[in-house]
Amino acid sequence: MSGRVTRAALLRHHLGFASGGAFVVALLVLVLTVLATAAPVALGRLGDATVQYRLAGLSAVERDVVADENGIPQVAPEVLFSNPSVVDDVWGGFTTEVERIRGEAAAPLPDILQPARTVAVGSPAALADEPGTAEIAVAVDPRYEDEIEIVNGRLPEPAVFVEPGAEVAGGQAFGRIEIILSADTADELEWERDATRQITGFGGIVDVVLVGVFAPVDPAGAYWQHVASVLEPNIFDDGNRPRVVTGTGFAHPASLRATSPQGASVTTTVWYPFDETAVDARDAEAVAAGLRLLTAVGHTVAETSGGTGGILSLRFTADVIGAIDAALAQERATAGVVAMIASGPIGVAAAVLILGCRLVFDRRRPALRLLAARGADTAQLRALLALDGVACGILPAFLGVGIGVVLTQLALGTVPDVAGVGLAVAVGLLPAVMLAVLAPSAADRRPRADLGGRGSRLRVIGEGAVLVLAALALTLLLIRGAGDGADLLTAATPLLLALVACVVTLRLYPLPLAAILRRSRGARDLAGYLGAVRALREPAIGLTPVLALVVGVSVAVSSGILLSTVQAGIDRSAGAQIGADIRVAGGIITRDQLAQLGALEGVAGATGISGAEPVTLDIDGERVGTSAFVVDADDLRAVQGEGPGMLPPGVSLAPASGSIPIVVSTALADEIDGRDGLRVGSVPAEVVGVLDGPAPIGARAAWLALDASAAEEALGRDPSDRTAVLRLAPGADPVAVVDAVKQVVSPTLRIDTAREITDEIEASPAVAGLRAALLAATALAALLGALAVVMTLTLAAEPRARLLTLLRTLGAPARIGRALATWEVAPAGLAALVAGTLFGALVPLVILAGVDLRSFTGSTAQPAYAVDPVILGVTLGAFVALVTLATLIALAVSRRARTSRLLRTVEEG
0 MSGRVTRAAL LRHHLGFASG GAFVVALLVL VLTVLATAAP VALGRLGDAT
50 VQYRLAGLSA VERDVVADEN GIPQVAPEVL FSNPSVVDDV WGGFTTEVER
100 IRGEAAAPLP DILQPARTVA VGSPAALADE PGTAEIAVAV DPRYEDEIEI
150 VNGRLPEPAV FVEPGAEVAG GQAFGRIEII LSADTADELE WERDATRQIT
200 GFGGIVDVVL VGVFAPVDPA GAYWQHVASV LEPNIFDDGN RPRVVTGTGF
250 AHPASLRATS PQGASVTTTV WYPFDETAVD ARDAEAVAAG LRLLTAVGHT
300 VAETSGGTGG ILSLRFTADV IGAIDAALAQ ERATAGVVAM IASGPIGVAA
350 AVLILGCRLV FDRRRPALRL LAARGADTAQ LRALLALDGV ACGILPAFLG
400 VGIGVVLTQL ALGTVPDVAG VGLAVAVGLL PAVMLAVLAP SAADRRPRAD
450 LGGRGSRLRV IGEGAVLVLA ALALTLLLIR GAGDGADLLT AATPLLLALV
500 ACVVTLRLYP LPLAAILRRS RGARDLAGYL GAVRALREPA IGLTPVLALV
550 VGVSVAVSSG ILLSTVQAGI DRSAGAQIGA DIRVAGGIIT RDQLAQLGAL
600 EGVAGATGIS GAEPVTLDID GERVGTSAFV VDADDLRAVQ GEGPGMLPPG
650 VSLAPASGSI PIVVSTALAD EIDGRDGLRV GSVPAEVVGV LDGPAPIGAR
700 AAWLALDASA AEEALGRDPS DRTAVLRLAP GADPVAVVDA VKQVVSPTLR
750 IDTAREITDE IEASPAVAGL RAALLAATAL AALLGALAVV MTLTLAAEPR
800 ARLLTLLRTL GAPARIGRAL ATWEVAPAGL AALVAGTLFG ALVPLVILAG
850 VDLRSFTGST AQPAYAVDPV ILGVTLGAFV ALVTLATLIA LAVSRRARTS
900 RLLRTVEEG
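Under numbering that gives the first Met the number 0, the letters of the sequence shown match residues 0 to 908, in that order.
Okay, here's the thing in structure tokens:
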């Protein structure tokens, strides 16, 4: 009994028959849609992290929006001179106006700038019992109680002064100020609680009473960076003059008059704490623009007639603008590099997807030809292939979008935007479109590839178009740079150059094959002859796999070289910032301390660099202000060696007859512009070296360095050292040496090593993201290259198996199969490997010319092209190993064939 086969059963059979190709295409679409959905979100979050990391690395003083004004807030005379005790009577009007300024700032600043903090600090006054060695300054802050806790004593009461014009008996104080000090300040000043000390005020003697000792609630808090003098006393000791300790104490916040009992100057600092966590890459431009508007003008806070002539307006500064600009530049550079590196794998992915559609169509061709022979029209054939398009394209795309949404939500806490989802859907529609386009050719006979064909004019036109587009993209990249990767033509430069390499490879690799064929015609090696003939007449490796291999190898090579270049740039930048092995900076370093540092165990040498001395550089009659640094040339060269640091390699500042030798920064060298007639002060000078990049003296643009022997003549004095650089002895433990250095210098000085600077740069999200992107591009290119080779060999499996079966029937040995398979893929594969390697070595040069990588290395100089054999070996070796393994597996599987089936007559022309 026979039953009728339903249409649904036929469709299930159709979709299930020879479904391996469709499964591979579906898997590829799934992976690509997940990447298309998640990658833009990840790149956006990388930009946010880059901006926030750079801003978080700033000190509070560098990050916050600050106004420093001479004087005190304007207060009505009847309030100021009445010994007020209510804080709001003194500060209320001023703080209201300051908050008004914040509220009226351009969006989104009101949400990013936090409520203002204000501190007024008077000039130090000498303590009468220790004149010349101890000084005290008074500070008031309307909200200081939020930052401290009393550990001994109590909070101060309002200050009391006699009425203006009242007479004060001889020897009696005209005012009494209660203050609290930090524990360190009280110890340094040797001031006991409840002890009264005196200063000389504008109207006579003023009693200053220490009523309490406090500890900070959060010693590392941002607040204390603005008022560091309150937490830590300022100690001046250069070894030449008596040691001077200057402390600052808090008075009652209503006692604004207490900041200037001497009638001396008072500095009022107002700052808006900057919340860097509220800034992301999308609104960073708006934040910078708003800050420029805020800082461009003064802001009125009081009228002239409203008080005693205090502060009338505030002029804010925002050093954070430069950091935002630098972060945006780094974010744009990251996007530019990622776009250029990703263009290759994206192009290969499209080509491999098209190749996969060809594989699906090839497996469906016999059934489609049969249907066409029985009357099926083109629309029916397209509808049937559309089912394959839905199964291997649209359904995996929707699944990929869902997976991408879940991954981004779980890992990044957000969902993709419409553009990412739209791109993923477009990837899913591609198989259906391709199969619909191929449907009309289903009934055509398959052309015989081994017969060759006439020269294709379209091929020449296509190759010419590729060459023109590649030249145009390269020219634009070199002229205007990669920007943020938004220019598709510029971003596609590596892909276009890869296509050029493919054109050259496909044109040139038949030449050595033809020579091998001519030599093998008279030889007895059947495998060599047949292999060369088939490689020329019927190459299994066509444009798509060559493109995949060329781009894949080039991505692996260029990624390895770029990683090497960035790492070498980071190491050089860190070494240049330190100047040797260890750098000590941030305060005066006496000659005795420098000698002690040089004598430490594990230290092979130590030398000092002075602080910045203002000096006038006369350039052929044009006077330019700059900063001069004094060094001991011989000692510095011995400590620095020929590595990066203060002196360029091979340059000496040792004094010579005539002009004094100087080293200048790149910015100052640009100002000099090769002109003669240089004078430092009044002394003739000669530039013997230009330093391009960072230096141990910190971030300065224009500066010069000269030897200590010329300091007196050029600068009028030999300034104190404020930086020391140390060279470690072989085998010394850096940690132990740093611990020993801490015992010699002041604890306020900063001690850095090259390793610490390197770790700090490498911790940047931009650097980590760049590395991840390069490695991910290499992995994706390797997978696509392997997939392209497998698909191509699968398409050619039946002709190859048919030939092998015929040869075995005629008596050929079994080993000929392995030889022919090798000949089938080796020539074009080796050519692609060579071309990809050469091209990959050139891509970093193109990127270095078009993308600013300085932000990744922490240097002011573009990193130099560098190749690390280990890094390059890992990236290139992993690619070659994966593609080779996939090729061997594909060849092993494709050799399985039934002789009886393959010897049947097959229409092929």
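Think of the CB as a built atom: it goes at the ideal place given N, C-alpha and C, for glycine as much as any other residue.
_Any beta strand (DSSP E) of 3 or more consecutive residues that is wholly inside the segment 612-674_ = 612-618, 621-630 and 659-664
*Three-state secondary structure (DSSP) of residue 330*: helix
*Can the beta-carbon of residue 426 be found closer than 8 Å to that of residue 35?*
yes
*asked:* Buried or exposed, going by whether 16 or more other CB atoms sit within 10 Å of the CB of residue 453?
replied: Here the model assigns residue 453 a pLDDT of 49, short of 50, so the residue's position is not dependable, and the following value carries that caveat. Looking at its Cβ environment, which holds fewer than 16 other Cβ atoms inside 10 Å, residue 453 is exposed.
*What number of angstroms, rounded off, separates the C-alpha of residue 888 from the C-alpha of residue 519?*
29 Å
*What does a CB cutoff of less than 6 Å around residue 117 pick up in its chain, not counting 5 residues either side in sequence?*
269
*Nearest-angstrom Cα separation, counted from residue 64 out to residue 79*: 28 Å
*Check whether the segment 284-292 touches the segment 108-122, counting contact only when three or more Cβ pairs, one atom from each stretch, lie closer than 8 Å.*
yes
*Can you give me the Cβ contacts of residue 898 inside the same chain, cut-off strictly under 8 Å, excluding the 5 residues immediately before and after it?*
With a pLDDT of only 45 at residue 898, under the threshold of 50, the placement of this residue in the model should not be trusted, and no figure is reported.
*N- and C-terminal bounds of the alpha helix (DSSP H) containing residue 60*: 59-62
_Top-ranked residue by Cα proximity to residue 644, from 861, 690, 623 and 138_ = 690
_Within the continuous beta strand (DSSP E) that includes residue 134, where are the two ends?_
133-139
*Backbone secondary structure at residue 413 - three-state DSSP*: coil
*Specify, as a first and last residue, the run of the alpha helix (DSSP H) that residue 222 falls within.*
222-225
*Would you check if the distance between the CB atom of residue 870 and the CB atom of residue 572 is smaller than 8 Å?*
no
*Taking only the alpha-carbon atoms, compute the straight-line gap between residue 647 and residue 692 and give it to the nearest angstrom.*
10 Å
*Closest by CA to residue 787, which one among 123, 60 and 349?*
349
*For the alpha helix (DSSP H) that contains residue 86, what are its first and last residues?*
86-102
_Which of the three DSSP states is assigned to residue 907 in this structure?_
The pLDDT assigned to residue 907 is 42, lower than 50, so where the model puts this residue is not dependable, and the model offers no usable value.
*How far does the alpha helix (DSSP H) with residue 519 in it reach, from first residue to last?*
509-519
*State the start and end residues of the unbroken alpha helix (DSSP H) segment that holds residue 111.*
108-111
_With the cut-off set at 8 Å, would you say residue 155 and residue 249 are in Cβ contact?_
yes
*Looking at C-alpha atoms only, which residue of 661, 683, 753 and 512 is the closest neighbour of residue 828?*
512
_Segments assigned beta strand (DSSP E), at least 3 residues, entirely inside the segment 825-850_ = none
*Does the count of Cβ pairs from the segment 330-339 and the segment 489-500 closer than 8 Å reach three?*
yes
*asked:* Let me confirm a value: residue 623 is counted as buried when at least 16 other C-beta atoms fall within 10 Å, else exposed. Which label applies?
replied: exposed
_For residue 273, count the other beta carbons within 10 Å of its own beta carbon; 16 or more makes it buried, fewer makes it exposed. Which is it?_
buried
*Ordered along the chain, which non-local residues of its own chain (more than five positions away) have a Cβ less than 6 Å from that of residue 688?*
647, 650 and 662
*Three or more beta-carbon pairs under 8 Å between the segment 829-837 and the segment 549-561, yes or no?*
yes
*If we ignore side chains and look at the alpha-carbon of each, how far apart do residue 59 and residue 546 end up?*
52 Å
_Quick check: what's the CA-CA separation for residue 484 versus residue 418?_
Caution is warranted here: a pLDDT of 49 is assigned to residue 484, below 50, making its placement in the model unreliable, and no coordinate value can be reported.
*State yes or no: is the C-beta of residue 736 within less than 8 Å of the C-beta of residue 601?*
yes
*Fully enclosed by the segment 730-814, which beta strand (DSSP E) runs are 3 residues long or longer?*
749-752
*What is the rounded straight-line gap between the Cα of residue 438 and the Cα of residue 548?*
29 Å
*DSSP state of residue 859, grouped into three classes?*
coil
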